[in-house]
Amino acid sequence: GGAAPPPTPSSSSGVAERQTNLLLGLTCVGAALYVACGAVVRAYKIRLLPVEEYGTLIHEFDPYFNLRATEYLYQHGSQKFFAWFDDQVWYPLGRPVGTTIYPGMQFTSVFLKEYVFKDMSINDICVYVPAWFGALQTAAIGLIAYECSLPRGTGLTVFTVLSDVLRGTRTDVSAPPRKWRNLFLGIPSPAVECGTATAVIAAVIPASLMRSMAGAYDNE
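This note's numbering puts the first residue of the sequence shown at 135, with every later residue one more than the last.
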């Protein structure tokens, strides 16, 4: 029942090393999240410019067709939707809309109307859907770029790395090297830099903007 032995220098240095790793990891996590969240917020604000200027309006021809299909699905249900033959379009031939459309966007909008945004009109939901998913796309592209930039064969994901960093258990981090800026979140690769930079680019790249502005309710 004697007193516990005093900590050895090696154990003290190990604790200090883990604390240093945790501090550096949290700093890097904070910086990365700040940039990534800023990119997502900016992506959303840019995509809302048509609403700020013109109001909640559907733009162009195909988005109006998709809005009409969404309204039909909401009013009549999925069974009638898939059997729907619209004789008011492609006159005089008409079109079997229910079996020739990509219905994912319509079902998503109706789901949002029924379970998430019950007080919003179908028109308003369809206007905002491109902007909502444009912002989510920015985050998803950043995460994909992050995971694609990890060292080969590590088996890591952004979630396992963040979990290890927050617990201070990253095993591949030694004392901060002289060029520790190249060691982000304990990974000797530019994975996080690639992810955040890709998110910033995805937020403003024209190829994405032209198909995800509010009101551009189209499949592309």
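We put the CB at the ideal spot given by N, CA and C, even for glycine.
For residue i, which residues of its own chain have a beta-carbon under 8 Å away from its beta-carbon, when the five flanking residues on both sides are left out?
i, result
"Glu354", "Arg345"
"Lys313", "In this predicted model, Lys313 has a pLDDT of only 45, less than 50, meaning its place in the structure is not dependable; the value taken from the coordinates is given anyway. For Lys313, where only same-chain residues beyond five positions count, there are no Cβ hits under 8 Å."
"Val338", "Arg176, Ala177 and Ile180"
Looking at the secondary structure, which residues open and close the alpha helix (DSSP H) in which residue i lies?
i, result
"Tyr208", "Phe195 to Phe216"
"Lys247", "Gly238 to Tyr249"
"Asn257", "Ile256 to Cys282"
"Ala85", "Within the shown structure, residues of the chain are numbered from 135 to 354, placing residue 85 beyond reach of any answer."
"Leu362", "No statement about residue 362 is possible, as the shown extent of the chain runs from 135 to 354 and does not include it."
"Val223", "First-last for Val223: undefined, no H or E at that position."
"Gly232", "Val231 to Thr234"
Given a cut-off of 8 Å, decide if residue j and residue i are closer than it, judged by their beta-carbon atoms.
i, j, result
"Leu284", "Ala325", "yes"
"Phe245", "Gly232", "no"
"Tyr178", "Ile256", "no"
"Ser243", "Val263", "yes"
"Asp360", "Gly228", "Only positions 135 to 354 of the chain appear in this structure, which leaves residue 360 out of reach."
"Tyr351", "Val261", "yes"
"Leu343", "Ile192", "no"
"Thr332", "Ala279", "yes"
Please name the residue in the options whose C-alpha comes closest to that of residue i.
i, options, result
"Ala173", "Phe215, Gly276 and Pro184", "Gly276"
"Met239", "Ile259, Tyr249, Pro226 and Asp221", "Ile259"
"Val175", "Asp253, Thr272, Gln153 and Asp196", "Thr272"
"Met254", "Thr190, Glu194, Trp218 and Ala150", "Thr190"
"Cys94", "Ile339, Ala274, Cys282 and Pro340", "In the structure displayed, the chain extends from 135 to 354; residue 94 sits before or after that span and is not available."
"Cys162", "Glu327, Ala341 and Glu281", "Glu327"
"Gln213", "Glu194, Phe241 and Asn200", "Phe241"
"Ala217", "Thr154, Pro237, Lys247 and Glu187", "Pro237"
"Ala166", "Ala341, Val334 and Pro340", "Val334"
In chain order, what residues of the same chain have a beta carbon less than 7 Å from the beta carbon of residue i, not counting five sequence neighbours either side?
i, result
"Leu182", "Ala265 and Ala348"
"Ile235", "Ala203"
"Phe251", "Ile259"
"Phe267", "Ser346"
"Pro230", "Phe219"
"Pro197", "Gly349, Ala350, Tyr351 and Asp352"
"Leu201", "Ile192, Asn257, Cys260 and Tyr351"
Please go through the same chain and pick out, in chain order, the residues whose beta-carbon is closer than 6 Å to the beta-carbon of residue i, but skip the five residues on each side of it.
i, result
"Pro184", "Met347, Ala348 and Gly349"
"Val169", "Thr330"
Should residue i be flagged as near chain B, meaning a C-beta pair shorter than 8 Å?
i, result
"Gly228", "No chain B appears in the structure shown, which is made up of a single protein chain."
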